[in-house]
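First comes the structure, then the notes that go with it.
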Amino acid sequence: MTAATLLRDVFGFDGFRPGQEEIVEAVSLGQNTLAIMPTGGGKSLCFQLPALVRDGVTVVISPLIALMRDQVRGLREAGVEAGALTSGNTQEETDGVWQALEEGRLKLLYMAPERLAAGGVPQMLRRIGVSMIAVDEAHCVSQWGHDFRPDYLRIGELRRALDVPLAAFTATADAETQAEIVEKLFDGVPPVTFLRGFDRPNIHLAFAVKDQPRQQILSFAAARKGQSGIVYCGTRAKTETIAQALREAGHAACHYHGGMEAEDRRVVEGRFQQEDGLIVVATVAFGMGIDKPDIRWVAHADLPKSIESYYQEIGRAGRDGAPAETLTLFGPDDIRYRRQQIDEGLAPPERRMADHARLNALLGLCEALECRRKTLLGYFGEEAKSCGHCDLCDKPADVFDGTTPVRMALSAALRTGESYGSGHLIEILLGSDLDKIKQRGHDQLPTYGVGKEYSRREWQAIFRQMMGHDLLRPDPERHGGLRMTEKARPILRGEDVIQLRRDTIKAAKTGNKIKMLVSEDDAPLLSALKAKRRALAEAAGVPAYIIYNDSTLIEMAQKRPMSLDEMAKISGVGAKKLQSYGDAFLSVIVGEVAQLHPARRKMAGRSEGSVYDRLLEVQADLSRGEDGTGKPMTCSASLLAKVAQMRPRDMSTMERVLGAKYAERFGAAFLGVLSEAS
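Residue 175 in the numbering used here sits at position 132 of the sequence shown, with consecutive numbering throughout.
So, in structure tokens, the structure goes:
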């Protein structure tokens, strides 16, 4: 039977959606395939139909049990023999799947990637006649993606072991993630690739600066009462408080997050699938397995992680093609939190820099000057005309020529060596009378005090927009110091102009000030120190506080010790921990750490250390005698340490410590050092 016939007779569709037919044909022919299709674009049919066309069993690797169960249920209701081997199965369900496999009836076998870790899986799959592998949510193979699943890395190995074609599907993959999919799943050999349009024209896009955010969410939900919706929150606690507020306002609402018991999560998933008009307030733990076609709206109470996350999360609305709406709230505290998440990650600096660029792209969408859809699709490499179906098409942004303040900000960043965050740069622009400005000589800069026509919060909004335009990026290697991009240089040189949004600057609120552990300028360094602590704790298999507690790291971030001697003075560091971890944390603060002899390391932070250093200097001057013509001679590090610790008071004692030969060359000079130190 042809795919078109099966489409009509089994699934009940008269024709393919745009782009489906070519993908189905390539997969049916057994070509290695990568298909990047929009959420709700009919990915599942692109491997389900070929599975029915081809001989043998198609094994489908899918990340979520709930999603697998839904698809198996749907296939069985359509008369297709399908089954899933998951940890959520009853013994009876598992026995039924094995029986169907043994009898040669099963066409699609769904498995979680974690099952690939079990021994003997390739042999089992070869025995039951697997002829193709389909991978759903293939972006989970990307090690630095927001949905990384380590067991996805085993799929390439499985493909080689079975020597069968592989079809990979995802709704979101930038160029970097696509390259990673090709490398990990296809051994670097490019598959036949289909990149279908990312546009979801039925979804209305809207953003708003936070201003009483809970009330903003309640108002948005009130205008859509009785419709199924999702509210995404950045924290577990917020899911519970907003769900409660929605219930008090008369909505059917429940919360969902990863800290709930598995059974409680299953209840929420079941209710959402079956009840009309239920609102689920959730963290991103809720979503990848949600295949409900009639979700009418998605709201973000907090800024998503990245533009890819945003696209995937709003894509859960309107899968039936009917109109759907979105609202995303954002504010400075969100952005600070997202930056902190990146800085505290264990990724290498270049990857964190790329993640900051991704976040900048999302800020660009928040602060877009024209059609949201043009901006969003432009990020994914698609050109689009103004859509007429977003908040900026409904009501154009209020913009002004922002070239002058942007040039002021860029100049301040450049004149301070691109080593400071926006907080410090704003103080310079405002001409603040702060000690840290004077101590660094920044009150002498030409840009000092030139930005007084804007308030502090207006400058914060200007910097946020500059990052949205990707003119500045936080540099993880400089602990969040803002570096100019190439895009900024023509503006700084007066060769280009830039428009900014007046409306989001005026709407910027100081908000409820979140209690910061350290100043904004020290926060990126604290994040980097925490990342180092986490790496060391994981390697040692101990809780993070065993390495150093938070107050110790906070003091490090504020005082920024430049040597082991200075590090030893930080509260909570202590001799043993200095020996164990001093270099590791010092390298985070200063970069490369000068190597010290073990004898000198033991004196770090003690007065003997500075005496040792001075003895070393004197010894270098006298290594060839006073006239510089003698035979080279130096004391060992342990001998110098002994002098620094014992502090001989006269030549006879010095001779007993050093020996006659060394005492003759260095004794008098060493006694001079010791008398200065006493």
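Note that CB positions come from ideal geometry on N, CA and C, so glycine has one too.
- Burial check for residue 306: the Cβ neighbour count within 10 Å stays below 16, so the residue is exposed.
- For residue 244, DSSP records no beta bridge to any residue.
- If you draw a straight line from the Cα of residue 347 to the Cα of residue 134, it is about 39 Å long.
- Going by C-alpha positions, residue 383 is about 25 Å away from residue 260.
- DSSP places residue 469 within a helical segment (H, G or I) once states are collapsed to three.
- Short of 7 Å from the beta carbon of residue 308, and not among the five residues preceding or following it, lie these beta carbons of its own chain, in chain order: 299.
- Three or more beta-carbon pairs separated by less than 8 Å link the region 241-250 to the region 345-359, which places the two stretches in contact.
- In terms of CA proximity to residue 144, 125 leads the group 458, 449 and 125.
- Setting aside the 5 residues that flank it on each side, residue 710 is surrounded in the same chain by 694 and 697, each with a C-beta closer than 6 Å to its C-beta; the list follows chain order.
- Under the Cβ criterion (8 Å, minimum of three pairs), the region 386-401 counts as touching the region 513-532.
- Restricted to the region 473-537, the alpha helix (DSSP H) segments that are unbroken, complete and at least 4 residues in length are 478-482, 499-511 and 532-535, listed in chain order.
- Of the candidates 326, 488 and 548, the residue whose Cα lies closest to the Cα of residue 499 is 548.
- Contact holds between the region 559-575 and the region 619-636, because three or more Cβ pairs, one in each stretch, are under 8 Å apart.
- The alpha-carbon separation between residue 410 and residue 645 amounts to approximately 54 Å.
- Residue 606 sits in coil when the DSSP states are folded into three classes, being neither helix nor strand.
- Closest option to residue 296, judged by alpha-carbon separation, among 278, 159, 284 and 457: 284.
- Sixteen is the threshold: since fewer than 16 other Cβ atoms of the shown chains lie within 10 Å of the Cβ of residue 588, the residue is exposed.
- Remark: three or more beta-carbon pairs, one from each stretch, lie closer than 8 Å, so the region 207-227 and the region 176-183 are flagged as touching.
- Assignment of residue 250 by DSSP, reduced to helix, strand and coil, places it in the strand class.
- Taking all protein chains shown into account, residue 105 has 16 or more neighbouring C-beta atoms within 10 Å of its C-beta and is therefore buried.
- Residue 688 and residue 720 have their C-alpha atoms some 12 Å from each other.
- Minimum Cα-Cα distance from residue 591 among the listed residues 569, 606, 605 and 378 corresponds to 569.
- In this structure, residue 101 sits away from residue 49, with a CB-CB distance that is not shorter than 8 Å.
- By the CB criterion at 8 Å, residue 396 and residue 518 fall inside the cutoff.
- If you look at residue 616, you'll find it isn't in any beta strand (DSSP E); DSSP assigns it neither H nor E.
- In the DSSP assignment, residue 262 falls within the alpha helix (DSSP H) that extends over 256-265.
- Distances from the CA of residue 201 to each of 140, 173, 128 and 192 were compared; the closest alpha carbon is that of 173.
- In the DSSP secondary-structure assignment, residue 444 is bridged to 542.
- Its chain contains 412, 544 and 546 as the residues whose beta carbon lies nearer than 7 Å to that of residue 440, once the 5 sequence neighbours on both sides are disregarded; these appear in chain order.
- Annotated three-state conformation of residue 639 is coil, per DSSP.
- Just measuring C-alpha positions, the residue of 142, 139 and 211 sitting nearest residue 88 is 211.
- Around the beta carbon of residue 262, a 10 Å sphere encloses fewer than 16 other beta carbons of the protein chains shown; the residue is thus reported as exposed.
- Residue 104: member of the beta strand (DSSP E) spanning 100-104, first to last residue.
- A distance below 6 Å between beta-carbons, with the five flanking residues on each side excluded, links residue 642 to the following residues of its chain, in chain order: 680, 681 and 684.
- Counting C-beta atoms within 10 angstroms of its own C-beta, residue 90 has 16 or more neighbours from the protein chains shown and is therefore classed as buried.
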